[in-house]
Amino acid sequence: GGGASLDRADLELPASRYGRRGAAAGGRRNDGPRGLDPSAFMPHSAATDAMDDSSLLSRLVQPSALQVSCLAARLTSLRALHRFWAAGEPKAMLQHLRRVNDPSIAVDVLRAGALTHCQLDLEGALLLLPVLRKLLSSDHDEHVETSLDALALLLSSFGSMIASSVNAPPTTSVDLSGEARARRCKECYEHFDEMRGELRQLSATSGVKQRRSADLLHGLSLVMGLPA
48 GGGASLDRAD LELPASRYGR RGAAAGGRRN DGPRGLDPSA FMPHSAATDA MDDSSLLSRL
108 VQPSALQVSC LAARLTSLRA LHRFWAAGEP KAMLQHLRRV NDPSIAVDVL RAGALTHCQL
168 DLEGALLLLP VLRKLLSSDH DEHVETSLDA LALLLSSFGS MIASSVNAPP TTSVDLSGEA
228 RARRCKECYE HFDEMRGELR QLSATSGVKQ RRSADLLHGL SLVMGLPA
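The opening position of the sequence shown corresponds to residue 48 in this note's numbering, with each subsequent residue numbered one higher.
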C-alpha cells in the first residue's frame, strides 16, 4: 500500500547486543533464543514454508473481515454524529449516541468537546446521563474519567436548577411547560442520586479517579443536597 517493505536485514537483531551464536550444533543456524525454536510456533504448510519474511509479515498484518466490519460501522456512526453536531442539533446527536450504544464512540464524542461546544439544555442532559452512568462503571480508566468530567460539567450547568425544582413546593396552577421541566429535573436528580454508589467506590481508589469522584460527591452534596 505504498509503504516501505521490510527485508530480512531490517528484522535481524544486533549480534553484539544479544550475543547471537554463529551456528548451532550440527551446523544448523539458530536465530532464536537458546533452547527455543521459533519455527515451532509457525503454521506448517507448503505455502508457509515457501514464504519469505516480507510476505509473511504482510499476511500477519492484514485486517480480518471482523475488524474491517467493526471499524466501518464505527466510522459510519461517528460521521452521523458529526453531521448532527455540525448542524447544531445536540439532542439529535445524543439520541443517536444512545442508539449506537458504544462506550468507545461516546468517549470519542465527549473528548472532542461535544458538551463544551454546543448548547445543551435539560432535555439533552437527561439523554446523556444514562450514557455517563454506563461509562462510570467501565473497567477502562479513560471511560471513567471522561464520565466524571462530563458529570461535573452537567452538575455545574444544571445542578442549581434541578435542586430548586425538586425542592420547590407543589403548585396548583396549570403550567404544562413548567410541569415538563419539573419532571425532567426530577429524573436528572434521580440519575445523579443513583450514581452516588459508583462514585463512593471510585473515591476509595487512588489517582485521578479518586480526586474527581470525591470532588463530584462534594458537589452533589453542596449543590443538590445529596448525602456524600
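Glycine residues also receive a C-beta, built at the ideal position from the N, C-alpha and C atoms. Just so it is clear, the structure is predicted and the values come from calculations on it, not from any experiment.
{"Item": "Meets three-Cβ-pair contact criterion under 8 Å: the region 181–199 and the region 210–220", "Value": "no"}
{"Item": "Buried versus exposed, by CB contacts within 10 Å (16 or more), THR193", "Value": "buried"}
{"Item": "Same chain, Cβ closer than 8 Å to GLN142, neighbours up to 5 away in sequence not counted", "Value": "LEU174"}
{"Item": "C-alpha gap between LEU267 and LEU202, whole angstroms", "Value": "8 Å"}
{"Item": "Start-end ranges of the alpha helix (DSSP H) lying completely within the region 120–172, minimum 4 residues", "Value": "137–147 and 150–158"}
{"Item": "C-alpha gap between ALA70 and ASP100, whole angstroms", "Value": "Confidence in ALA70 is poor, its pLDDT being 42 and thus under 50, which makes the residue's placement unreliable; the coordinate value appears in the next sentence. Going by the C-alpha atoms only, they are around 20 Å apart."}
{"Item": "Terminal residues of the alpha helix (DSSP H) in which GLY225 lies", "Value": "223–241"}
{"Item": "Closest Cα partner of GLY171 within the set SER204, HIS190 and ILE152", "Value": "SER204"}
{"Item": "Segment contact, 8 Å Cβ cut-off, at least three pairs: the region 154–172 with the region 125–143", "Value": "yes"}
{"Item": "C-alpha distance - LEU223 paired with GLU136, whole-angstrom precision", "Value": "24 Å"}
{"Item": "SER250 - DSSP class collapsed to helix/strand/coil", "Value": "helix"}
{"Item": "Inter-residue Cα distance where the pair is THR30 and LEU169", "Value": "For the chain, the structure presents residues 48 to 275; residue 30 sits outside this window and is missing."}
{"Item": "Supposed close pair LEU198, ARG243 - CB separation, criterion 8 Å", "Value": "Incorrect: roughly 11 Å between the Cβ atoms, too far for contact."}
{"Item": "Beta-carbon proximity check, LEU249 vs SER260, cutoff 7 Å", "Value": "yes"}
{"Item": "Cut-off 7 Å between Cβ atoms - residues of its own chain near TRP132, not counting five sequence neighbours on either side", "Value": "MET140, ALA161 and CYS165"}
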